[in-house]
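Trainee: Shown below is the structure under consideration.
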Amino acid sequence: MKDISEIRADFPILDRKVYEKQLVYFDNGATTQKPQCVIDAMNDVYTTYNSNIHRGVHLLSDLSSEAYENARETVRSFINAEKKEEIIFTSGTTGSINGIAFSFGERYINTGDEIIISHLEHHANIVPWQMMCERKGALLRVIPINDKGEIIIGEYLKLLSSKTKLVSVSQASNALGTITPLNDIISAAHEINVPVLVDGAQGVQHGNVDMKKLDCDFYVFSGHKIYGPAGTGVLYGKEKWLSELPPFQGGGDMVDKVTFAKTTYNVLPFKFEAGTMNYPGAIALGRALNYVTETGREAIALREKSLLSYATKRLSEIDGLKIFGTSDSKISTISFLLKNIHPYDAGMILDKMGIAVRTGTHCAQPVMDYFGIDGTIRASLCFYNTNEEIDSLVAGVNKVISMFS
Ligand code: PMP
211 MKDISEIRAD FPILDRKVYE KQLVYFDNGA TTQKPQCVID AMNDVYTTYN SNIHRGVHLL
271 SDLSSEAYEN ARETVRSFIN AEKKEEIIFT SGTTGSINGI AFSFGERYIN TGDEIIISHL
331 EHHANIVPWQ MMCERKGALL RVIPINDKGE IIIGEYLKLL SSKTKLVSVS QASNALGTIT
391 PLNDIISAAH EINVPVLVDG AQGVQHGNVD MKKLDCDFYV FSGHKIYGPA GTGVLYGKEK
451 WLSELPPFQG GGDMVDKVTF AKTTYNVLPF KFEAGTMNYP GAIALGRALN YVTETGREAI
511 ALREKSLLSY ATKRLSEIDG LKIFGTSDSK ISTISFLLKN IHPYDAGMIL DKMGIAVRTG
571 THCAQPVMDY FGIDGTIRAS LCFYNTNEEI DSLVAGVNKV ISMFS
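In terms of the numbering used here, the sequence shown opens at residue 211 and continues consecutively.
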């Protein structure tokens, strides 16, 4: 792996100052910063070959179509999916889950059927299923969690039944950092032929993800959380599902033949890509994934593990600081509260010191309800962060505490 100063030099924004203080960016769970090569890839589209994809016979359209389809192949290889046809570009995790919830609901869900999610989910993996259940008269069942913020597998096994039509869980919790035991969840569902969707929004950027090994039926993630542009995302689905599901949007490019009497649909993956796609974003996402591969996914995972353990140790030493989410199996995200101090107050003071953390419910209100709290302060770290930055956070937190005591 490159050394840390070389890595940080890849991300121009990390050099900036905030209120004349060096930026410490610990909000990577919300969105990651972009390496120069990703910014360049996006610029390159617009400055040298911009043209709508799959449309024209002219050179520029050929070039952009080719770059877009190459990006699809990059995604396929990055998550080790069987086929390129199984990779659909979307606007992000939210777009991907809403799409599947709609299509799956239309095709397979009837009154009394059940969908299983967990208590750890982001709103993006709750609300689309609730909307689908409302539409179809189905029921949402929720796997409970324990005080460490872990899914209780025994309770999950009790929820699985002949009524279960789909299980949808995150790979890791954005609010607490807990990593989900996906193998157990997927194998138990598959034993009774129930498909599983994995929300990889907080998983794909933290290590290897292999569709052939994981064997989930759908896998979704957002480009902006893995060093790519906002407004990009991926929906992977096994071909056997995608070929049976109806499209979730109608329009240009997703059709084969259109008449007023009847329309037939395009082949995979185009059936699910209606209208002008965010092709510059998808192309730049491809570059981001290549950047991650070049940097080394194992090395990234190791570095983040070391950052997590240093930050957990240093923060735990602070009197009055309580960490929420204490599983042994976590991504590099730490949620905490300071005794008697509202997270917004702490976040605002840290901001003035140049330290960007997230405060609030992290779009996971049920997790906050479980712990009986309004929100937390969340530091989400990634491989370009350093122990020195963690020291700055610790110093900042100590200052916040002293200001309120
Ligand atoms: N799921 C999880 C676990 C997330 O962390 C997020 C983003 N915070 C989402 C879904 C939604 O992602 P997006 O807003 O990029 O669609």
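For every residue, glycine included, the Cβ atom is placed at its ideal position computed from N, Cα and C. Here the structure is a predicted model, which means the values were calculated and not measured.
Return yes when the C-beta of HIS332 is under 6 Å from any heavy atom of the ligand PMP, and no when it is not.
Mentor: yes
Trainee: DSSP three-state call for GLN340: helix, strand or coil?
Mentor: helix
Trainee: Taking 6 Å as the line, does the beta carbon of SER516 fall inside it for any heavy atom of the ligand PMP?
Mentor: no
Trainee: Which first and last residues belong to the beta strand (DSSP E) in which ARG588 is found?
Mentor: 586 to 590
Trainee: Taking LYS532 as part of the beta strand (DSSP E), name the residues at either end of that continuous run.
Mentor: 531 to 534
Trainee: Per DSSP, ARG351 is paired with what?
Mentor: ILE326
Trainee: Would you tell me roughly how many angstroms separate the C-alpha atoms of GLN459 and CYS247, rounded to the nearest one?
Mentor: 32 Å
Trainee: Might you give, ordered along the chain, the residues of its own chain that have their beta carbon closer than 7 Å to the beta carbon of ILE583, omitting 5 neighbours on each side?
Mentor: LEU547
Trainee: Is VAL404 helix, strand or coil by DSSP?
Mentor: coil
Trainee: Could you name the residues of the same chain whose beta carbon sits closer than 6 Å to that of PHE312, not counting the 5 residues immediately before and after it, in chain order?
Mentor: PHE458
Trainee: From what residue to what residue does the alpha helix (DSSP H) around VAL285 run?
Mentor: Counting along the chain, the alpha helix (DSSP H) containing VAL285 begins and ends at 269 to 288.
Trainee: Measure the C-alpha to C-alpha separation of CYS426 and ILE396 and round it to an integer number of angstroms.
Mentor: 6 Å
Trainee: Looking at the unbroken beta strand (DSSP E) that takes in LYS467, where does it start and where does it end?
Mentor: 465 to 468
Trainee: Flag THR242 as yes when its Cβ comes closer than 6 Å to any non-hydrogen atom of the ligand PMP, and as no otherwise.
Mentor: no
Trainee: Alpha carbon to alpha carbon, how far is SER274 from SER542? Give it in angstroms, no decimals.
Mentor: 36 Å
Trainee: Measure the beta-carbon distance from THR300 to ALA334 and round it to whole angstroms, keeping in mind my assumption that it falls under 8 Å.
Mentor: Wrong, their Cβ atoms sit about 12 Å apart, outside the cutoff.
Trainee: Can you round the beta-carbon distance between TYR429 and GLY417 to whole angstroms, since I take them to be within the 8 Å contact cut?
Mentor: Actually they are not in contact, since the Cβ atoms of TYR429 and GLY417 sit about 14 Å apart, beyond 8 Å.
Trainee: Of the choices LYS532, GLY309, GLN415, LEU525, whose alpha-carbon is the least far from that of GLU483?
Mentor: For the residues LYS532, GLY309, GLN415, LEU525, the minimum Cα distance to GLU483 belongs to GLY309.
Trainee: Which partner residues of PHE546 appear in the DSSP bridge assignment?
Mentor: ILE533, ILE587
Trainee: From GLU599, ASP538, ASP420, HIS572, pick the residue whose C-alpha is nearest to that of THR241; which is it?
Mentor: From the listed residues GLU599, ASP538, ASP420, HIS572, the smallest Cα separation to THR241 is found for HIS572.
Trainee: If distances are taken between C-alpha atoms only, which option among TYR520, VAL577, PRO456 comes closest to PHE314?
Mentor: PRO456
Trainee: For the beta strand (DSSP E) that ILE297 lies in, which residues bound it at each end?
Mentor: Residues 297 to 300.
Trainee: Taking only three categories from DSSP, how would you classify ASP420?
Mentor: Reduced to three states, the DSSP call for ASP420 is coil.
Trainee: Using alpha carbons as the reference points, say which of ALA521, SER328, THR596, SER371 lies closest to ASN403.
Mentor: SER371
Trainee: When we look at the beta-carbon of ARG507 and count the other beta-carbons within 10 Å, is it buried (16 or more) or exposed?
Mentor: buried
Trainee: Since THR536 and GLY359 are thought to touch, with beta carbons under 8 Å apart, how far apart are those beta carbons, to the nearest angstrom?
Mentor: 7 Å
Trainee: Restricting to Cα atoms, I'd like to know which of THR503, SER271, HIS264, PRO245 is closest to VAL255.
Mentor: SER271
Trainee: Relative to the C-alpha of PRO354, which candidate in GLY364, GLU324, ASP538, VAL337 has its C-alpha closest?
Mentor: GLY364
Trainee: Quick check for students: name the residue ranges of the beta strand (DSSP E) that lie wholly in the segment 444 to 504, counting only runs of 3 or more.
Mentor: 465 to 468, 473 to 475
Trainee: For the alpha helix (DSSP H) containing VAL379, list its first residue and its last residue.
Mentor: No alpha helix (DSSP H) holds VAL379; the beta strand (DSSP E) holding it covers 374 to 380.
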